[in-house]
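Residue numbers (my numbering): 2 to 76. Shown next, in structure tokens, is the structure this report addresses.
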Amino acid sequence: MASTDLCATPLITSRVRFCLSASHTKTDIDLLLRACDEVGDILDLKWYRNDRWTVDRVIANAEELVETHNLDDVQ
2 MASTDLCATP LITSRVRFCL SASHTKTDID LLLRACDEVG DILDLKWYRN DRWTVDRVIA
62 NAEELVETHN LDDVQ
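Here it is as structure tokens:
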């Protein structure tokens, strides 16, 4: 997965953008999710204070979430 460097946010609030393609497998995406989760812990980037799903729960429910997502609801 390639990351891009677009100046969409100020340097102090930098973001990373991941470009996925149809050639990426669920295993590839699961690996990325686990890596992001680990980096988020190491760099103390997880600021969300409310309850949130663990990476294991996201991975376990990913297929169901995609199957039940209604693209008509996307603005």
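The C-beta atom is built at its ideal place from N, Cα and C for all residues, glycine as well.
Boundaries (first-last residue) of the beta strand (DSSP E) holding ARG18: 18-20 is the extent of the beta strand (DSSP E) around ARG18.
Minimum Cβ-Cβ distance from PHE19 to chain D less than 8 Å: Note that chain D does not occur in the displayed structure, where there is just one protein chain.
Range covered by the alpha helix (DSSP H) that runs through LEU66: From DSSP, the alpha helix (DSSP H) with LEU66 extends over 56-69.
Candidates ARG35, SER24 and SER22: closest to ARG58 by CA position: For ARG58, the nearest C-alpha among the options comes from ARG35.
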